[in-house]
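Residue numbers (my numbering), protein chains in the order written: chain X, 250 to 409; chain D, 534 to 1036.
Structure, rendered in structure tokens:
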């Protein structure tokens, strides 16, 4: 199998660059009466991005072909990380995403306690949950003091 | 002279308990963040950026300056005690600091690091105070075409300074430039890359860019390497430090020689003025120069305090140097100055030569704080808190990242009181995480985003002034100067063979 994570990532960058360039083309002509139009700069940036991303993609594919064992290396590296370490970034992303969704409806306190607790658990374990709930509550209260009391930021509440 | 008087007068602001509290708190936060491997002063600044909304600009900049100075010297703590540099700029410090720790001279190594940081930081700040007004006046002579060439020069230098990953740096800069083009066009009533979203019409906000790039991506990186952090905490628990040996004896300072302090500081300052160079390059070059000119080069890497002094004097002098292009041309040279520029932009202040000339009273307190941090806070913090550093650095990582995550995500909300900005921070954070994971330098992404709008504007203005003739960039002297400068830097940084490692 030719594709590995690195190739997929560099392919995505190339795809992003091409997509950006195509949208820039659709913005209109780059020059009118010797003056640069809104599409000109994005076209230039898109061209450079396509150039850089294609070089990177080419290098990555070449590396794959020349080092057939690299797939095994990658697999070994991934296996070296614990299952938790491998999925922890995804768990953090999901926690932040859910926190943002719940931030306004649940209000600062409840959503933040759940969020901080989830981050603490991701970075440690499910042991001593009660202690971690207390720590989360203290951190969230500290955040409230910093943002709302010290710096006057109005944070959302459960009761509007 | 007028500006120097203004800076000297600004020291009186430090008599205000509230301002002093922000400066000292900033310094302590910067030291703690820089000393914990994985955390940086940049992260500290990114997290505290939202809070600057409720401070006046001068106070916010004063706190930023103290964090910056602390960030450069704080990394030496774990570099010396456990051979893990808390910040990249302290990499060279570990070469001689850790062997000294093994010889039972850890506190003395930290004392040398602090003294070197103090001298380098102070000299860098003094040079900045003396030279910045002149540079600002010269900057006023640069016209539209020259401004484009200058910005292009800055981006090219930042990209080629990332040795070994120039193409990746170029790609990251392009992504930054792409993100900068989202929203309403600066010269025509037309939206670009908004995909029909009204929230993107005004473009991407700087706040989620900074928080996403430096804070959220860092949390994701640390989540992946959580096991390493636990090992580090275990190593830290074994280290004990006492206060009595922190102060380096005068005989040792004499042996190191004043020239070592001065030369390293000047190297650091000069490197700092280059966009993208940063503290690590400054300390590397100063260390290399010290080894090259030493009578006993074989002692370096085995616990020679001269190596620590060279590295720390240089990386702290970088602070003064890096603020020169930011204040005079509006070009940030590293992540910290990029965030400081963000503080100005958030408060509606346009950085550039006009700022130094017309609103010097806003900038002078920041420079006073930089000098104060170097001269007073560096030695005082080491002496008073030195023995407790290791306990602070060994804080539980789960709790630490819980606090950081909360400050980062809620901080993005502060900008506009909208969850849209929080979501943007997350998206930018995920993008930056994958870029960092694949060894892309995200600093070029941020600088591309910051410099992009001006780069486009000056390009379009220059060409409309010259009726579309691109030769205008070679026929105007100010522009030609930066074109030649770009070629010189490309030759020395990308074509000529790199320096050999001094160890």
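For glycine and all other residues, C-beta sits at the position ideal for the given N, C-alpha and C.
For residue 1023(D), the closest of 609(D), 807(D), 738(D), 574(D) by C-alpha to C-alpha distance is 807(D). The alpha-carbon of residue 587(D) is positioned some 27 angstroms away from that of residue 731(D). According to DSSP, residue 724(D) shares a beta bridge with 717(D).
If you compare the alpha carbons of 733(D), 796(D), 849(D), 929(D) with that of residue 825(D), the shortest gap goes to 796(D).
Under the three-state reduction of DSSP output, residue 833(D) falls in the coil class, being neither helix nor strand. Here DSSP, grouped into helix, strand and coil, assigns residue 807(D) to coil.
In this structure, the CA atom of residue 660(D) is about 14 angstroms from the CA atom of residue 669(D). In the three-state reduction of the DSSP assignment, residue 274(X) falls in the helix class. Here residue 285(X) is bridged, per DSSP, to 280(X).
Distance from the CA atom of residue 828(D) to the CA atom of residue 629(D), rounded to whole angstroms, is 17 angstroms.
Here residue 706(D) is actually not in contact with residue 693(D); their C-beta atoms are around 11 angstroms apart, not less than 8 angstroms. Interface residue (Cβ-Cβ distance to chain D less than 7 angstroms): residue 392(X) is classified as such. With fewer than 16 other Cβ atoms inside 10 Å of its own Cβ, residue 696(D) counts as exposed. The Cβ of residue 368(X) sits closer than 7 angstroms to at least one Cβ of chain D. Boundaries of the alpha helix (DSSP H) around residue 845(D): 838 to 862.
Bounds of the alpha helix (DSSP H) holding residue 987(D) are 975 to 998. From the beta-carbon of residue 952(D), the residues of chain X found nearer than 7 angstroms are 349, 352, 353.
Taking 7 angstroms as the cut-off between beta carbons, the residues of the region 990 to 1020 of chain D near chain X are 992, 993, 996, 997, 1000, 1001, in sequence order.
Put simply, of 566(D), 1026(D), 835(D), 552(D) the residue whose alpha carbon is nearest the alpha carbon of residue 637(D) is 835(D). Against chain X, a Cβ distance below 7 angstroms from residue 935(D) picks out 365, 368, 369, 385, 388. Cβ-Cβ distances below 6 angstroms link residue 618(D) to 608, 612, 624, 627 in the same chain, with the five nearest sequence neighbours on each side left out; the list follows chain order. In the structure shown, residue 729(D) falls within a coil segment according to DSSP collapsed to helix, strand and coil. When rounded, the separation of the alpha-carbon atoms in residue 904(D) and residue 653(D) is 10 angstroms.
Residue environment analysis places residue 786(D) among the buried positions, since at least 16 neighbouring C-beta atoms fall within 10 angstroms of its C-beta.
Apart from the 5 residues on each side of it in sequence, residue 985(D) sits with its Cβ closer than 6 angstroms to the Cβ of 710, 713 in its chain, given in chain order. Straight-line spacing of the CA atoms in residue 849(D) and residue 602(D) works out to 7 angstroms. In this structure, DSSP gives residue 1020(D) a helical state, which the three-state scheme calls helix.
Only buried fits residue 650(D), as 16 or more other CB atoms lie within 10 angstroms of its CB.
Approximately 4 angstroms separates the beta-carbon atoms of residue 863(D) and residue 885(D); this is inside 8 angstroms, confirming the contact.
Distance check between residue 381(X) and each of 272(X), 362(X), 285(X) places 362(X) closest, using alpha-carbon atoms only. Residue-level contact check: residue 290(X) touches chain D, since one or more beta carbons of chain D fall below 7 angstroms from its beta carbon. If only uninterrupted alpha helix (DSSP H) runs of at least 4 residues are considered, those enclosed by the region 938 to 976 of chain D are 952 to 970. In this structure, residue 591(D) lies away from residue 816(D), with their beta-carbon atoms at least 7 angstroms apart. Cα atoms of residue 370(X) and residue 992(D): separation of roughly 50 angstroms, rounded to the nearest angstrom. Nearest to residue 906(D) by C-alpha distance, out of 722(D), 648(D), 598(D), is 598(D). Leaving aside the five residues that flank residue 982(D) on each side, the residues in its chain whose CB is nearer than 6 angstroms to its CB run, in chain order, 709, 712, 713, 742.
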